[in-house]
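Beneath this line is the structure, given in structure tokens, with notes to follow.
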Amino acid sequence: MTMLLGLLSDTHLAEPDDRLEALLRGPLGPAEVLLHAGDHTGPAVVDYLEFVEPRPYHGVLGNMDGPGLGGRLPPTRVLELGGCRVGLVHGWGPPAGLAERVAEVFRNEGVQLVVFGHSHAAEDRTIRGVRFVNPGSAFDRRWAPRRTVALVEVGPGGVGRVEFVEVPE
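My numbering runs 2 ahead of the 1-based position in the sequence shown.
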């Protein structure tokens with residue numbers, strides 16, 4: 003049985019707002035589980051995703067997430083979702099070589115998919131047989147031509163369809 007994951011990263015919101023609500027109901031509406039690859043930025047955004055949003059949510063700490071989130075979010079996660087082993091991390095350093103740096107974190111974890119962020123640029127590639135997906139940033143186009151999130155189908159056989167969805171201005 004497959005599962006549809008909704009991926010977002012680098013939201014950089016101090017508080018949940020109408021844009022976040024529209025994102026969750028619109029582009030990420032079909033997703034069964036939400037994964038946030040860090041830089042939520044405000045604790046209220048994490049509160050919203052954990053306690054208000056009805057779907058399961060898993061997040062990690064990003065480099066711009068404030069001190070209020072340091073004790074709440076881990077820097078990395080490994081999850082079993084729809085029979086697929088998924089790694090979740092924000093990322094660090096310059097955009098060049100980001101996926102390769104992230105790959106080292108999960109080298110011995112047996113993951114089939116790694117979700118990461120940090121660069122604000124959508125990316126889908128395979129490194130050593132593992133799929134790496136960066137959903138881009140939903141609200142900040144720094145280093146990217148467009149604002150995006152991603153929908154990823156996973157199952158016991160690994161990663162299926164990856165779809166980047168542009169977020170309207």
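Beta carbons are placed, not taken as given, at the ideal position from N, Cα and C, and that holds for glycine.
Out of the options, point me to the one whose CA is closest to residue i's CA.
i: aspartate 142; options: Val156, Arg127, Phe134 and His122; result: His122
i: phenylalanine 118; options: Leu63, Gly131 and Asp49; result: Leu63
i: glycine 92; options: Asp41, Val154 and Leu9; result: In the sequence as presented, glycine is not what sits at residue 92; that position holds histidine. It is Asp41 whose Cα lies nearest to the Cα of histidine 92.
i: valine 169; options: Leu15, Leu30, Val54 and Met3; result: Leu30
i: arginine 74; options: Arg127, Val164 and His60; result: His60
i: methionine 3; options: Ala98, Val54, Leu83 and Pro32; result: Leu83
i: aspartate 20; options: Asp126, Val47 and His38; result: Val47
i: valine 107; options: Arg127, Val80 and Thr128; result: Val80
i: arginine 57; options: Arg148, Val167, Glu34 and Ala101; result: Glu34
Is residue i helix, strand or coil by DSSP?
i: aspartate 49; result: helix
i: leucine 1; result: Outside the shown range of the chain, which is 3 to 171, sits residue 1, and nothing can be said about it.
i: valine 169; result: coil
i: histidine 72; result: Looking at the sequence shown, residue 72 is not histidine but glycine. Helix.
i: arginine 144; result: coil
i: glutamate 23; result: helix
Considering residue i, what are the terminal residues of the alpha helix (DSSP H) in which it resides?
i: glutamate 106; result: 100 to 107
Beta-carbon within less than 8 Å of residue i's beta-carbon, same chain only, minus the 5 sequence neighbours each way: which residues are those?
i: glycine 68; result: Thr43, Gly44 and Pro45
i: asparagine 65; result: Gly40, Asp41, His92, Trp94 and His120
i: glutamine 114; result: Cys86, Arg87, Val88, Val132, Arg133, Val156, Gly160 and Val161
i: proline 32; result: Leu6, Gly8 and Leu153
i: threonine 128; result: Phe134
What first and last residue would you give for the beta strand (DSSP E) that runs through residue i?
i: leucine 90; result: 86 to 91
i: glycine 61; result: 59 to 61
i: leucine 30; result: No beta strand (DSSP E) holds leucine 30; DSSP gives it neither H nor E.
i: glutamate 125; result: 125 to 129
i: valine 117; result: 115 to 117
i: methionine 5; result: 5 to 10
i: glutamate 82; result: 78 to 83
i: valine 135; result: 132 to 136
Pull up the CB-CB distance for residue i and residue j, whole angstroms please, since I reckon it's below 8 Å.
i: valine 164; j: alanine 152; result: 6 Å
i: alanine 140; j: leucine 10; result: 5 Å
Tell me which residues share the same chain as residue i and place their Cβ nearer than 7 Å to its Cβ, disregarding the 5 neighbours each side in the sequence.
i: proline 97; result: Ser121, Ala123 and Trp145
i: leucine 26; result: Glu55
i: leucine 90; result: Leu37, Ala39, His60, Val62, Thr78, Arg79, Leu81 and Val117
Within a Cβ cutoff of 6 Å, which residues of the same chain sit near residue i, ignoring the five residues on either side of it in sequence?
i: proline 158; result: Gly85
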